[in-house]
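There are 2 protein chains.
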Amino acid sequence: MKIAVDTLGSDLGSQPIVEAILNFLKENSDVEIIAFGKKEELSLLEGKCEIIDARDVVPMEAGPFEVLHLKNSSMCQAVKATKEKGYDAVISAGSTGGFLSAATLTLKLLPGIKRAALISPFPTFVKGKKMVVLDIGASNENSAEELYQFAIMGQLYSKAVFNTQEPKTYLLSNGTEDHKGSPLVQEAHKLFKERNMEGFMGNKEARNALDGTVDVLVCDGFTGNVFLKSSEGMAKWMGNMVKSAFKKNLWSKLGYLHVKKGINEISETLDYKSTGGAMLLGVNGVVVKAHGNSDAFSFKNALRVARSMVLANVNEKIKEGLAANE
Amino acid sequence: MKIAVDTLGSDLGSQPIVEAILNFLKENSDVEIIAFGKKEELSLLEGKCEIIDARDVVPMEAGPFEVLHLKNSSMCQAVKATKEKGYDAVISAGSTGGFLSAATLTLKLLPGIKRAALISPFPTFVKGKKMVVLDIGASNENSAEELYQFAIMGQLYSKAVFNTQEPKTYLLSNGTEDHKGSPLVQEAHKLFKERNMEGFMGNKEARNALDGTVDVLVCDGFTGNVFLKSSEGMAKWMGNMVKSAFKKNLWSKLGYLHVKKGINEISETLDYKSTGGAMLLGVNGVVVKAHGNSDAFSFKNALRVARSMVLANVNEKIKEGLAANE
Chain A
226 MKIAVDTLGS
236 DLGSQPIVEA
246 ILNFLKENSD
256 VEIIAFGKKE
266 ELSLLEGKCE
276 IIDARDVVPM
286 EAGPFEVLHL
296 KNSSMCQAVK
306 ATKEKGYDAV
316 ISAGSTGGFL
326 SAATLTLKLL
336 PGIKRAALIS
346 PFPTFVKGKK
356 MVVLDIGASN
366 ENSAEELYQF
376 AIMGQLYSKA
386 VFNTQEPKTY
396 LLSNGTEDHK
406 GSPLVQEAHK
416 LFKERNMEGF
426 MGNKEARNAL
436 DGTVDVLVCD
446 GFTGNVFLKS
456 SEGMAKWMGN
466 MVKSAFKKNL
476 WSKLGYLHVK
486 KGINEISETL
496 DYKSTGGAML
506 LGVNGVVVKA
516 HGNSDAFSFK
526 NALRVARSMV
536 LANVNEKIKE
546 GLAANE
Chain B
226 MKIAVDTLGS
236 DLGSQPIVEA
246 ILNFLKENSD
256 VEIIAFGKKE
266 ELSLLEGKCE
276 IIDARDVVPM
286 EAGPFEVLHL
296 KNSSMCQAVK
306 ATKEKGYDAV
316 ISAGSTGGFL
326 SAATLTLKLL
336 PGIKRAALIS
346 PFPTFVKGKK
356 MVVLDIGASN
366 ENSAEELYQF
376 AIMGQLYSKA
386 VFNTQEPKTY
396 LLSNGTEDHK
406 GSPLVQEAHK
416 LFKERNMEGF
426 MGNKEARNAL
436 DGTVDVLVCD
446 GFTGNVFLKS
456 SEGMAKWMGN
466 MVKSAFKKNL
476 WSKLGYLHVK
486 KGINEISETL
496 DYKSTGGAML
506 LGVNGVVVKA
516 HGNSDAFSFK
526 NALRVARSMV
536 LANVNEKIKE
546 GLAANE
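Chains A and B are the protein sequences, given in the same order. Count the first sequence with our numbering and you get residues 226 to 551, in order. Count the second sequence with our numbering and you get residues 226 to 551, in order.
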């Protein structure tokens, strides 16, 4: 298995990525890495993996057109080589917009797919149970037909990666009743029902979306992004408040020692870094977008995610599944 | 000051509302309450306030048209009396959709207002600092022009109730850059700039919306609802996890005694019940929607909110402010 890695353009620079690659390779002898970036920053990788000197950086806020002019960037080179040399996956922690457009334009959409979607695994309130949400931000707006394809792709992902039997699928809405929702959600709801989508359970409110009843949560990219980031912001805030509450005095510090394990369990469940990042579904290849502020732990998880997507043959299953749902 | 109270249709029944009224009246001798509901459930209020026997209940999920056929309901009677007798405010913990349509159709929109908006105060990560978010669910979709009016109304509310000097106003978006957002947000962003809206600071991501930099957060009703409920769901989940982490063993229970105060501070900051509910801005009257599951504490806060909106003369200020922004 060959994975192309863009080492430039993330918030914390290439060093955590180098560290992640080294750790990942130690544990996964079945994977070869091809690292794209500034040669002198990748010296620790010499002898461990192939290094391609590609020195241009795609700025964090690069738009879809800007990135196409940066042909010599590590990002574009990594994507291009993935296409041309048939690598199994490509990963970047750089500009989301840039990476998504480079990947979509170069690798192309799967046959019949109208829009690619960013999908992310989410923790739920039920320990050990994961769900997926899509689209969390590849698009700014979507049609009902696109939401239908997102649902099908999300179900196939859930089956392939989490071994779900019949993934329970919901539309993210402002109420549980069938008629609730934005005009888009109302239209999608009708469409899902008309086509007798397997596992479609109706609407779910954001408040209960993580209660463990959902396997696949479907929404347009703008709403999904708001959902993801609201949850993230609140979780971070509460985590900090709990920590500072424990620092109040000697007694509370002693108390903390005794609940640390519990608190750590919470943090692990909620740590979006442990999910490694988001995957772009619907393109011809495994594309993983690691967090912009990836540390070595987070980026290693992104590498793991890519490996398991390749092993689970997610894209082949999506192709077959889409054909079956035509 | 006279406040009409609908005592039917909430999740917990009329008893918590009766208790809230009694407690509220003890502390606020300047307010008269007119209670609408089933006479026999309101016997404790006899001699304390006017009681109007109105026995029909608007179901929680009543649509806008359904509610109009329930003319004898406590909800419709309370709204109608507010209009006809010129009461200062009306409050209900019943069906949100039903109450909003009854209030809008009976009391009418303020001159020039295209859509009413539900506004809610929000805690922020900065202790003591509150912000407002609107619309959190009166509409399913909005135009850029409507978002403009929401922003102006939100600013006037923030000035009147929180004494903000120049309320810092943001659009909720999926990125901070000017060009980011759904087509609606992009259009609204341009409009806010073209009209040189005072205090308009640009886009804010959901992740940072509660960081204390925002006074007024503007969004369409569907997105606002997702934002509100994602934050609420995550806060509730983490609160429960922290509590159960403390219950693990004797030591952690002892630890809990020492951090209880800190944890309580967190819960109070986050308790949406302490905000009492949401206000409908843009209609000719003070309209407060208490939480559907209001207990006595929560409903008393809703009464407080109504009183302070009347005292702050919010509607007059909105009327003047809108005229000035024409």
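All residues carry an ideal CB built from backbone N, CA and C; glycine is no exception.
Quiz item: So, does the CB of Val451 (chain A) fall closer than 8 Å to a CB anywhere in chain B?
Solution: yes
Self-check item: CB of Gly362 (chain B) within 8 Å of CB of Asp231 (chain B), strictly
Solution: no
Exercise. Please list, in chain order, all residues of the same chain as Asp255 (chain A) whose beta carbon is under 7 Å from its beta carbon, the five residues on each side excluded.
Key: Met226
Exercise. Leaving aside the five residues before and after Ala531 (chain A) along the sequence, list all residues of the same chain whose C-beta is less than 6 Å from its C-beta, in chain order.
Key: Ile228, Ala314, Ile316, Val511 and Val513
Exercise. Can you tell me which of B:Glu412, B:Leu381, B:Gly379 and B:Thr349 puts its alpha carbon nearest to the alpha carbon of Ala369 (chain B)?
Key: B:Glu412
Quiz item: Given 8 Å as the limit, is there contact between the region 347-358 of chain A and the region 318-334 of chain A, that is, 3 or more CB pairs closer than that?
Solution: no
Quiz prompt | Contact list for the region 395-408 of chain B against chain A, Cβ threshold 7 Å | solution = Leu397, Asn399, Glu402, Gly406, Ser407 and Pro408
Quiz prompt | alpha helix (DSSP H) segment containing Tyr373 (chain A), residue limits | solution = Ala369 to Phe387
Quiz item: Pairing CB atoms from the region 340-347 of chain A with CB atoms from the region 297-314 of chain A, are three or more of them under 8 Å?
Solution: no
Quiz item: Candidates A:Leu528, A:Phe249, A:Ala385 and A:Phe447: which alpha carbon is nearest Ser407 (chain A)'s?
Solution: A:Phe447
Practice problem: Could you tell me whether the Cβ of Ala287 (chain B) comes closer than 8 Å to any Cβ of chain A? | Solution: no
Quiz item: Between which two residues does the beta strand (DSSP E) harbouring Gly262 (chain A) extend?
Solution: Glu257 to Gly262
Quiz prompt | Helix, strand or coil at Asn413 (chain B) [DSSP, three-state] | solution = Looking at the sequence provided, one finds Ala at residue 413 (chain B) rather than Asn. Reduced to three states, the DSSP call for Ala413 (chain B) is helix.
Quiz item: How would you list, in chain order, the residues of chain B whose beta-carbon sits under 7 Å from the beta-carbon of Met459 (chain A)?
Solution: Ser456, Met459 and Ala460
Exercise. Output, in sequence order along the chain, the residues in the region 353-365 of chain A whose CB is closer than 9 Å to any CB in chain B.
Key: Gly362 and Asn365
Practice problem: Any chance you could list the beta strand (DSSP E) runs of at least 3 consecutive residues sitting entirely within the region 409-467 of chain B, in chain order? | Solution: 425-430 and 441-443
Self-check item: Proximity to Lys525 (chain A) [Cα-Cα], best of A:Phe249, A:Gln240 and A:Gly234
Solution: A:Phe249
Exercise. Quick one: which residues of the region 430-442 of chain B get their C-beta closer than 9 Å to a C-beta of chain A? List them in chain order.
Key: Glu430, Ala431, Arg432, Asn433, Ala434, Leu435 and Asp436
Quiz item: Where does Leu233 (chain B) fall in DSSP's three states?
Solution: coil
Quiz item: Should His516 (chain A) be labelled buried (16 or more other beta-carbon atoms within 10 Å of its own) or exposed?
Solution: buried
Quiz item: Taking 8 Å as the CB-CB cut-off, is Phe347 (chain B) touching chain A?
Solution: no
Quiz item: Beta-carbon of Thr448 (chain A) versus every beta-carbon of chain B: anything under 8 Å?
Solution: yes
Quiz prompt | Three-state secondary structure (DSSP) of Gly502 (chain B) | solution = strand
Practice problem: Tell whether a beta-carbon distance below 8 Å holds between Met426 (chain A) and Lys405 (chain A). | Solution: no
Exercise. Could you tell me if Gly311 (chain A) is buried or exposed, where buried requires 16 or more neighbouring beta carbons within 10 angstroms of its beta carbon?
Key: exposed
Quiz item: Quick one: which chain B residues come within Cβ less than 8 Å of Met426 (chain A)?
Solution: Those do not exist, as Met426 (chain A) stays about 18 Å from chain B at its closest Cβ, beyond 8 Å.
Exercise. Verify the CB distance criterion: does Met463 (chain B) have a CB-CB separation below 8 Å to chain A?
Key: yes
Self-check item: Cβ of Val467 (chain A) within 8 Å of any chain B Cβ
Solution: yes
Self-check item: Chain-ordered neighbours of Phe350 (chain A) on chain B, where CB pairs are closer than 7 Å
Solution: Trp462
Quiz item: By a C-beta neighbour count over all protein chains shown, 10 Å radius and 16 as the cutoff for buried, is Ala549 (chain A) buried or exposed?
Solution: exposed
Quiz item: Buried or exposed: where does Gly323 (chain B) fall if 16 or more other Cβ atoms within 10 Å of its Cβ makes it buried?
Solution: buried
Quiz item: According to the Cβ coordinates, are Ala385 (chain B) and Ala537 (chain B) closer than 8 Å?
Solution: yes
Quiz prompt | Backbone secondary structure at Glu291 (chain B) - three-state DSSP | solution = helix
Quiz item: Met285 (chain B) to Ser299 (chain B), Cα distance in whole Å?
Solution: 13 Å
Quiz item: Roughly how many whole angstroms lie between the Cα atoms of Ala431 (chain A) and Thr321 (chain A)?
Solution: 24 Å
Practice problem: Provide the residue span of the beta strand (DSSP E) that contains Leu359 (chain A), from first to last. | Solution: Lys355 to Leu359
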